[in-house]
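428 is the number that this note's numbering gives the last residue of the sequence shown; the numbers go up by one with no jumps.
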Amino acid sequence: MNQKEKSLRKELTSTRLLKKVMADHFYELDEAAKRGDPKIAWCSSVGPAELLRSMGFLVYFPENHGAMLGASRMATDLIPYANAIGFSPDICSYLTIDIGSFLQKKTPLQRAYKIDSVPRPDILVYNTNQCRDVQDWFCWYGRHFNVPCVGIHTHRQVGKIEEYHLKDIGEQHKALIPVLEEVSGNRFDMDRLREVVGLSKETSVLWRKCLETASHVPSPWTFFDATIHMGPAVVGRGTKEAVEYYRVLLEELQDRIKNGIAAIDGERYRLYWEGMPIWGKLRALSELFASLRSCIVASTYCNSWIFDQLDPDYPFESMALAYTELFIVRDEAYKEDYIRRCWEFFKFDGIIFHDAKTCPNNTNNRYGMPVRLSEMLGIPSLTINGDLNDLRCYSEEQTKTNIEAFIEQLEEEKG
Ligand code: SF4
14 MNQKEKSLRK ELTSTRLLKK VMADHFYELD EAAKRGDPKI AWCSSVGPAE
64 LLRSMGFLVY FPENHGAMLG ASRMATDLIP YANAIGFSPD ICSYLTIDIG
114 SFLQKKTPLQ RAYKIDSVPR PDILVYNTNQ CRDVQDWFCW YGRHFNVPCV
164 GIHTHRQVGK IEEYHLKDIG EQHKALIPVL EEVSGNRFDM DRLREVVGLS
214 KETSVLWRKC LETASHVPSP WTFFDATIHM GPAVVGRGTK EAVEYYRVLL
264 EELQDRIKNG IAAIDGERYR LYWEGMPIWG KLRALSELFA SLRSCIVAST
314 YCNSWIFDQL DPDYPFESMA LAYTELFIVR DEAYKEDYIR RCWEFFKFDG
364 IIFHDAKTCP NNTNNRYGMP VRLSEMLGIP SLTINGDLND LRCYSEEQTK
414 TNIEAFIEQL EEEKG
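Shown next, in the form of structure tokens:
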């Protein structure tokens, strides 16, 4: 790929602030871990972060660390160490890369921030809304550090959301309070929870608006930008810093639209990405799609951090709703209808399905969805075989050939 093609992708200037927000997040955790105050809770990515913050914990997200490890391409070195203590190479490669990194005392935090290790947890809290792997992953650390590992157990394959789903999930949130009080040393405070839920909602509303700017033709940013800029939505839910960050990002994206700046010059094809990112290949894929004048304008993955159902007037009820309406816990009919609605809004020409070897939970091509969606929407789809982290499951050459052929097919269809 020549230099001219590479330059088709444009960096957002908000990236500078993004780096600061993410660095501050890790420095704050590192200092707290060294002092032992405030207490630190590890939380799964769509776990009860609002409740934890309201109880005075700093919150650390191992999946974010897993993605950093993947982006640093450390999988091949580190995953075998987790395999050696009995974790299969076929299970979540966030889990195996993260535990491998812990066993080897290697983390991208060392190079990025001169932080020696991930912060020691005082408690680990998961929600199985995404998968069982988070529970097994967190409980391994719970045993290692001899600290509590507790969680919320979610309904799966949910079609219509029923009252009993919400009541159950709301009650499970409340049931965590005694152990959180004991570990944090703080009493539960409803007003503080309302405040945090309000901030989390504001973050979500702004993040949705940022993502929705991609409905503009041409789009001011791509899926590859969004996977990086979603960092504060993942690690900063319920903080003022995340709200501030998305105000800045939204303004930049709106400015791009106003000034006619497209993420991809000469945008010709608009695509949807279904499934996990391939963290170690973000740049290469971004440049490949840009060179083909193709913009990935929307994705299930980035949309998964929109929790605008949150309502500070009804914190438990709305947390239950937000964490049950989630795409990943819904049935096939809901998911297909969700992607259809995205198609109507973002107007894409085709869908890329990523079949991630170690994450069946975020892989949706295996039960006939691509065929059904193609028939329903009248647009083609392509399935890429790979993995979120384990690049041994990914063939760069094969993928490049398949993507180029797919874009040619779109070209023929456009005529
Ligand atoms: S949803 Fe997939 S990537 Fe995320 S923790 Fe579960 S198995 Fe791993």
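Positions of the beta carbon are idealized from the N, C-alpha and C atoms, including for glycine. Bear in mind the structure is a predicted one, so any value in this text is a computation, not a measurement.
Query	Result
Closer than 7 angstroms: Cys144 CB and nearest the ligand MG heavy atom	The ligand MG is not part of the structure shown, which contains the ligand SF4 as its ligands.
Check whether Phe70 and Lys47 have beta carbons under 8 angstroms apart	no
Short Cβ contact (8 angstroms threshold) for His367 with Glu417	no
Pairwise C-alpha distance: Lys187 and Val138	13 angstroms
Rounded straight-line distance, which links the Cα of Thr141 to that of Trp153	15 angstroms
Cβ contact check for the stretch 171-181 and the stretch 292-304: 3 or more pairs under 8 angstroms	no
Pair within 8 angstroms by beta-carbon distance, Met87 and Lys119	yes
7 angstroms Cβ shell around Glu330 - same chain, five flanking residues per side excluded	Leu179 and Gly183
Alpha-carbon to alpha-carbon, Val163 and Arg145	13 angstroms
Contacts around Glu265, its chain only, beta-carbon distance under 8 angstroms, and the 5 residues preceding and following it disregarded	Leu25, Thr26 and Ser27
Distance, Leu386 Cα to Ser217 Cα	27 angstroms
Contact between the stretch 262-282 and the stretch 235-249 (3+ Cβ pairs under 8 angstroms)	yes
Sheet register partners of Phe366 (DSSP bridge)	Glu287 and Thr396
Three-state secondary structure (DSSP) of Ser408	coil
Where Asn159 falls, given that 16 or more other Cβ within 10 Å makes a residue buried	exposed
Residue from Leu64, Phe39 and His157 whose Cα sits closest to the Cα of Leu323	Leu64
Phe234 - DSSP class collapsed to helix/strand/coil	Reading off the sequence, residue 234 comes out as Trp, not Phe. DSSP places Trp234 in coil when its eight states are reduced to three.
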